[in-house]
Amino acid sequence: SQTIHQWPATLVQPVGSPLSLECTVEGTSNPNLYWYRQAAGRGLQLLFYSVGIGQISSEVPQNLSASRPQDRQFILSSKKLLLSDSGFYLCAWSRPLAEQYFGPGTRLTVT
Amino acid sequence: QKEVEQNSGPLSVPEGAIASLNCTYSDRGSQSFFWYRQYSGKSPELIMSIYSNGDKEDGRFTAQLNKASQYVSLLIRDSQPSDSATYLCARYSSASKIIFGSGTRLSIRP
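Chains as they are written, first to last, in my numbering: chain F, 1 to 111; chain C, 112 to 221.
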């Protein structure tokens, strides 16, 4: 069976500090991978998705970036966090043309 | 116009009753639809996928799809307090993406 991991689970960072969130998937190969952000009480905002190693599509221009250094690893980064970057960050995976499965999420608070 | 539209709620339903959650979409070419449940502070979990017109049943859950009218619904029979959550409707889009609605908050009152 497939498992998706995210870490850390919670993070408190000061404004202007860097960010690195990691997501890994087990039990499948060549998955589609996704990063979403969910602000408090709001819907899901797709940030990035990837259909293969080194292939990243950006949905929203902002101070975040994503990388996929390995087939089942997806990393979300920022060089300098903003207050508005606070939120619940979710990684998801899917097979092509199929439903998505979400990881447990990382709750980020920028102070 | 939002691509996937849901009433934000909250929808309050007495325990044991049927909860009916509705969703409309704008793209007539959509083929695949999904319902997710999200408890407060947790990540969304997939409840149902539906691809064909008609009903699809899984335990207490029934998903209904009507492509001509461009709506999808989720029925929850014998509602329990543990069903209280936000329910997200979604459809598969092109370019490997899923479009999510903003969700309907469901509250089951004892």
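Cβ atoms here follow ideal geometry from the backbone N, Cα and C, with glycine treated the same way.
Item                                                                                      : Value
Nearest-angstrom Cβ-Cβ length linking Y182(C) and N133(C), presumed shorter than 8 Å      : 6 Å
Beta-carbon proximity of L47(F) to W35(F), cut-off 7 Å                                    : yes
Neighbour list for S154(C) in chain F, Cβ cutoff strictly below 7 Å                       : L90, F102, G103, P104, G105
G27(F) and S1(F) closer than 7 Å at C-beta                                                : yes
Cα-Cα separation, S163(C) to V110(F)                                                      : 44 Å
Where A39(F) falls, given that 16 or more other Cβ within 10 Å makes a residue buried     : exposed
Neighbour-count burial assignment, G103(F), 16 or more Cβ in a 10 Å radius                : buried
Test: L157(C) CB closer than 7 Å to a CB of chain F                                       : yes
Contact under 7 Å by Cβ, I158(C) with F144(C)                                             : no
Residues in the stretch 43-66 of chain F having any Cβ partner in chain C nearer than 7 Å : G43, L44, L46, Y49, V51
is_contact[N30(F), chain C] using C-beta, thresh 7 Å                                      : no
E22(F) at chain C interface by Cβ criterion, 7 Å                                          : no
Residue from P14(F), S50(F), S29(F) whose Cα sits closest to the Cα of S78(F)             : P14(F)
Whole-Å CB distance - I219(C) paired with S195(C), under 8 Å assumed                      : 5 Å
Closer than 7 Å to chain F by CB, I219(C)                                                 : no
C-beta atoms of V51(F) and S207(C) nearer than 7 Å                                        : yes
Contact check, L90(F) vs L11(F), beta carbons under 7 Å                                   : no
Cβ-Cβ distance between L185(C) and I129(C) below 7 Å                                      : no
T106(F) to W7(F) span [Cα, whole Å]                                                       : 6 Å
As assigned by DSSP and simplified to three states, the class of L81(F)                   : coil
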